[in-house]
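Presented below is the structure to which this report refers.
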Amino acid sequence: MTSTEKMRAARETAERGGTMSAARPPEGAKTPSGGSATGAAVERGGQMIILQLANVESSYGPIKAIRGISLQVEAGQVVTVLGSNGAGKTTILKTISGIIDPGKGSVHFKGEDITAHDPAEIVQRGLTHVPEGREVFPLLSVRDNLLMGAYTRRDRDGVARDLEQVYAYFPILKERQTQDAGLLSGGQQQMLAISRALMGTPELILLDEPSLGLSPRLTKEIFEIVVRINRERGTTILLVEQNANMALNAADYGYVLENGRIVMEDSCARLREKEDIKEFYLGMKDAGVRGERRWKRKKTWR
Ligand SMILES: Nc1ncnc2c1ncn2[C@@H]1O[C@H](COP(=O)(O)OP(=O)(O)O)[C@@H](O)[C@H]1O
Ligand SMILES: [Mg+2]
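For any residue, its number in our numbering is found by taking its place in the sequence shown, counting from 1, and adding 5.
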């Protein structure tokens with residue numbers, strides 16, 4: 006399939022209700038109630054690499070959006086890719102989830118080559134993409150949106166339990182469960198998109214800029230829950246963000262992306278201490294924290 010065909014196929018899957026968060030079979034899956042880990046996703050602190058990109062290059066026609074991207078995500082961690090608008094963050098996630106076929110390089114998930122596989126098949130393997138802009142079904146109720154995320158699951162009890170669990174993470178979704186999702190605020194739709202992904206019990210969630218368009222308060226709330234989901238369920242998370250401040254606090258390990266290339270990587274604890282990061286990504290030069298992002302000031306990292 007070409008990229009365009011795949012995008013269409015993904016959209017059609019979504020329209021049928023499959024969307025990005027179709028479930029894997031539940032056997033061995035981590036459940037919100039703390040069920041057992043699968044053989045693949047080992048306990049936190051383990052060295053197992055759940056996702057690996059090697060030299061990945063993806064283009065839109067003649068435009069190379071990402072070049073030579075190599076990164077890895079350890080099972081059980083939160084890993085972030087930081088970059089300004091247009092750096093290539095979304096392209097990386099679309100390439101992982103099979104929406105775009107890379108021109109070069111490879112993507113491995115749980116040790117298996119999934120490069121350019123079908124998006125629906127990748128979802129079945131336990132890798133779910135929460136896309137930029139949320140993409141909830143506006144005319145379906147909140148509850149039905151959530152159930153869409155679990156539509157391939159046969160374990161009704163598990164689905165019911167997971168529904169209660171996501172309502173516990175985001176009580177507002179329970180309050181609004183019978184309302185059309187299109188009536189939710191942007192922040193609530195983001196909560197719904199994350200929750201719908203969880204309903205499929207993925208091992209790895211790709212999260213595309215959850216802070217986009219949200220107030221600082223809501224952003225903080227959502228990031229806290231993302232961290233809880235990681236800690237409590239053991240779900241591995243690859244988070245791409247412009248909001249370096251939030252992402253560096255939530256994640257364990259980070260990559261910095263500029264113009265389609267990774268220019269720096271380190272533990273988030275160390276990235277937070279780097280002068281370049283403080284100055285250009287956290288806006289902390291001289292007068293201390295200014296709380297504003299300064300993406301306009303371009304900088305070459307090496
Ligand atoms: N559908 C598209 N067609 C052509 N160019 C695109 C398309 N989507 C993204 N791009 C280009 O690819 C680059 C990376 O985009 P993207 O991955 O969306 O960046 P980010 O998510 O970091 O903002 C940008 O230069 C952008 O203009
Ligand atoms: Mg993007």
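For glycine and all other residues, C-beta sits at the position ideal for the given N, C-alpha and C.
Cut-off 7 Å between Cβ atoms - residues of its own chain near residue i, not counting five sequence neighbours on either side
i           : result
residue 62  : 69, 71, 72, 73, 107, 108, 109, 110
residue 134 : 25, 98, 102, 211
residue 82  : 241, 257, 258
residue 96  : 63, 70, 71, 105
residue 172 : 178, 179
residue 191 : 218, 219
Residue interval of the beta strand (DSSP E) (run including residue i)
i           : result
residue 258 : 258-263
residue 141 : That residue, residue 141, is in no beta strand (DSSP E); it is neither H nor E in DSSP.
residue 71  : 68-79
residue 266 : 266-272
residue 87  : 83-87
residue 92  : No beta strand (DSSP E) holds residue 92; DSSP gives it neither H nor E.
residue 242 : 241-246
residue 133 : 132-135
Three-state class that DSSP yields for residue i in the structure shown
i           : result
residue 119 : coil
residue 36  : Confidence is the limiting factor: at residue 36 the pLDDT is only 39, short of 50, which leaves the residue's position unreliable, though a coordinate-based value still follows. Coil at residue 36, not helix or strand.
residue 29  : Note that residue 29 scores a pLDDT of 38, beneath 50, so its modelled location is shaky; the value from the coordinates is reported in the next line. Looking at residue 29 - three-state DSSP - the assignment turns out to be coil, as it is neither helix nor strand.
residue 281 : helix
residue 316 : This structure gives no information on residue 316, because the portion of the chain shown stretches from 6 to 307.
residue 24  : At residue 24 the pLDDT is 37, less than 50, meaning the model places this residue with poor confidence and gives no usable figure here.
residue 114 : strand
residue 174 : helix
residue 200 : helix
residue 57  : strand
residue 214 : coil
residue 100 : helix
residue 193 : helix
residue 162 : helix
residue 185 : strand
residue 42  : At residue 42, the pLDDT of 37 sits below 50, so the modelled position is not reliable; the number obtained from the coordinates is stated separately. Three-state result, residue 42: coil.
Close beta carbons around residue i, own chain, < 6 Å, minus the five adjacent residues each side
i           : result
residue 76  : 58, 260
residue 204 : 151, 154, 155, 167
residue 277 : 253
First through last residue of the alpha helix (DSSP H) which encompasses residue i
i           : result
residue 129 : 124-129
residue 224 : 221-238
residue 145 : Looking at the DSSP string, residue 145 is not in any alpha helix (DSSP H), and its letter there is neither H nor E.
residue 249 : 249-255
Residue i classed as buried or exposed, judged by whether at least 16 other C-beta atoms fall within 10 angstroms
i           : result
residue 52  : exposed
residue 188 : exposed
residue 124 : buried
residue 158 : buried
residue 181 : buried
residue 60  : exposed
residue 90  : exposed
residue 19  : With a pLDDT of 42 at residue 19, under the threshold of 50, the modelled position of this residue cannot be trusted; read the value that follows with caution. Answer is buried; the Cβ neighbour count reaches 16.
residue 220 : exposed
residue 274 : exposed
residue 216 : buried
residue 252 : buried
residue 132 : buried
residue 66  : exposed
residue 272 : exposed
Residues of its chain near residue i, where Cβ-Cβ distance is below 8 Å and the 5 sequence neighbours each way are ignored
i           : result
residue 118 : 111, 112
residue 225 : 251
Ligand 4 heavy atom lying under 7 Å from the CB of residue i
i           : result
residue 185 : Although ligand 4 was asked about, the structure shown includes only ligand 1 and ligand 2 as ligands.
Problem - Within 6 Å of ligand 1: residues by beta-carbon to any heavy atom - result: 65, 68, 70, 88, 90, 91, 92, 93, 94, 95, 96
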